[in-house]
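Numbering (mature numbering (1 follows the signal peptide of the UniProt record, and there is no 0)), first residue to last: -26 to -1, 1 to 172.
For glycine and all other residues, C-beta sits at the position ideal for the given N, C-alpha and C.
Source: prediction; values computed, not measured.
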Ligand SMILES: *[C@@H]1O[C@H](CO)[C@@H](O)[C@H](O)[C@H]1NC(C)=O
Ligand SMILES: *[C@@H]1O[C@H](CO)[C@@H](O)[C@H](O)[C@H]1NC(C)=O
């Protein structure tokens, strides 16, 4: 148990402490890639809405979510694939930044979380109009390929009430989504800066 509890702060520290990820906002716009300022803004809103949802105790009744472990999406390799050039942050030194593969991993993350969240009971509409809405906007505008046909636009299970296990799982997954979205925000900032093409 102790080990599990410590995962969250350690991960956040890793995510937040990599200096190369801090990209100056004052750099001139020179991005010719697929990421725009509006994508950066969508990613920021999504992060704010996830962070907001994590404070909604009604989503996690019977559970102290801040005490739970973080459950990351292990089907993608976004942190390593999207690590900046010459970065040793993730323990992997890369000389090239593979933009295509990075965007593909992020798209798969978004798809994964959308699919999970849309299936969650949400009787008080604490996810639908916030996290799901901003996630969908982000996908439509910046990762259209991630919106495949198996994603419905409506949160089908919205009316049901959640079980304890569902709430526990939602808490852990949402914390993982928060960590991943911090990474995605940084990656987009990095791409917009044009640093990756130098
Ligand atoms: C979602 O984030 C946006 C941008 O910060 C904010 O305007 C909106 O109120 C948020 N929605 C909720 C319900 O937190
Ligand atoms: C949840 O746990 C945190 C950290 O241990 C604690 O600070 C907070 O007071 C707890 N919240 C509730 C509602 O028990």
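Residue closest to residue i, alpha-carbon to alpha-carbon, out of the options
i, options, result
"residue 39", "140, 49, 79 and 83", "140"
"residue 50", "23, 98, 37 and 87", "87"
"residue 32", "137, 52 and 123", "137"
"residue 153", "92, 21, 112 and 142", "21"
"residue 159", "80, 44, 121 and 48", "80"
"residue 99", "116, 135, 75 and 114", "135"
Nearest-angstrom Cα separation, counted from residue j out to residue i
i, j, result
"residue 73", "residue 28", "31 Å"
"residue -5", "residue 109", "For residue -5, the predicted model reports a pLDDT of 44, less than 50, meaning its position is unreliable; a value from the coordinates is still stated below. One C-alpha to the other measures close to 23 Å."
"residue 170", "residue 14", "16 Å"
"residue 95", "residue 102", "10 Å"
"residue 11", "residue 18", "11 Å"
"residue 24", "residue 104", "8 Å"
"residue 35", "residue 59", "43 Å"
"residue 167", "residue 57", "14 Å"
"residue 9", "residue 42", "33 Å"
"residue 71", "residue 30", "38 Å"
"residue 124", "residue 92", "11 Å"
"residue 122", "residue 115", "14 Å"
Burial state of residue i, where buried means 16 or more other Cβ atoms lie within 10 Å
i, result
"residue 119", "exposed"
"residue -1", "Low per-residue confidence applies at residue -1: pLDDT is 42, beneath 50, and the placement is therefore not dependable enough to give any value."
"residue 83", "buried"
"residue 46", "buried"
"residue 97", "exposed"
"residue 106", "buried"
"residue 89", "exposed"
"residue 150", "buried"
is_contact[residue i, chain D] using C-beta, thresh 8 Å
i, result
"residue 10", "The structure shown contains no chain D, having only a single protein chain."
> Any residues whose CB sits closer than 5 Å to a heavy atom of ligand 1? List them in chain order?
Replying inline: 19, 22, 23, 26 and 104
>> Give the residues whose C-beta lies closer than 5 Å to at least one heavy atom of ligand 2, in chain order.
In response: 38, 40 and 41
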